[in-house]
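J.: Just passing along the structure, written as C-alpha cells.
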Amino acid sequence: MNFGKKDRERMEVNAIQQMLSRLRQVQEDLQRQVNAVAVEASAGGGMVTVKMNGQKQIVDVRIEPGVFASKDQEMLQDLIRAAVNEASRRVDDELANQMRNLTGGIPGIAGLKIPGLF
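All the letters of the sequence shown, read from the start, carry residue numbers 1286 to 1403 under the numbering used here.
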C-alpha cells in the first residue's frame, strides 16, 4: 500500500494524539497513587517515628516519652530530622517505583518528572 504525504501526516497526528491521551491517563493514575502513598520512618531505634504522605506532608509524629526524660534537646532535634529525612527518601523511592510501573510502556518517559506530582 502506498501512502501519500497527507496520509502519513494524518497517521502521525493520530499517533501523537494517542500518546498524549496515554500520558494524560498516566498522569491521572500517578496522581491517584501519590495521594494513596503513606510511608513511615523511625530514628533512634523507634524513639521518633514520622508518617508522611505522597505529597511529603507529615501526617503523624510519635515521640517515645523516654526521649523527654533525657532533656537533651539537640538529640531530639537530630532524631526528628533523621526520621523526616528517611520518610522523605522513602516517599521518593515509592513514587519513582510507581512511575516506572506506570510508564514502562511509554518509551523515554520512565525518568520524566511530571510537574505538580513531585
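For every residue, glycine included, the Cβ atom is placed at its ideal position computed from N, Cα and C.
Enumerate in chain order the residues of its own chain whose CB-to-CB distance from residue 1403 is below 7 Å, with the five nearest sequence positions on each side excluded.
T.: Note that residue 1403 has pLDDT 47, beneath the 50 cutoff, so the model's placement of it is unreliable and the number below is only indicative. 1380.
J.: Looking only at C-alpha atoms, which of 1306, 1293 and 1370 sits nearest to residue 1341?
T.: Out of 1306, 1293 and 1370, 1370 has the C-alpha closest to the C-alpha of residue 1341.
J.: Kindly indicate which three-state DSSP category residue 1403 falls into: helix, strand or coil?
T.: With a pLDDT of 47 at residue 1403, under the threshold of 50, the predicted position of this residue should be treated as unreliable, though the coordinate-derived value follows. Coil, per DSSP.
J.: If we count the other Cβ atoms within 10 Å of its Cβ and call it buried at 16 or more, is residue 1301 buried or exposed?
T.: Burial call: exposed.
J.: With distances taken from CA atoms, which of 1308, 1289, 1290 and 1299 is nearest residue 1389?
T.: Selected option, being the one with the closest Cα: 1308.
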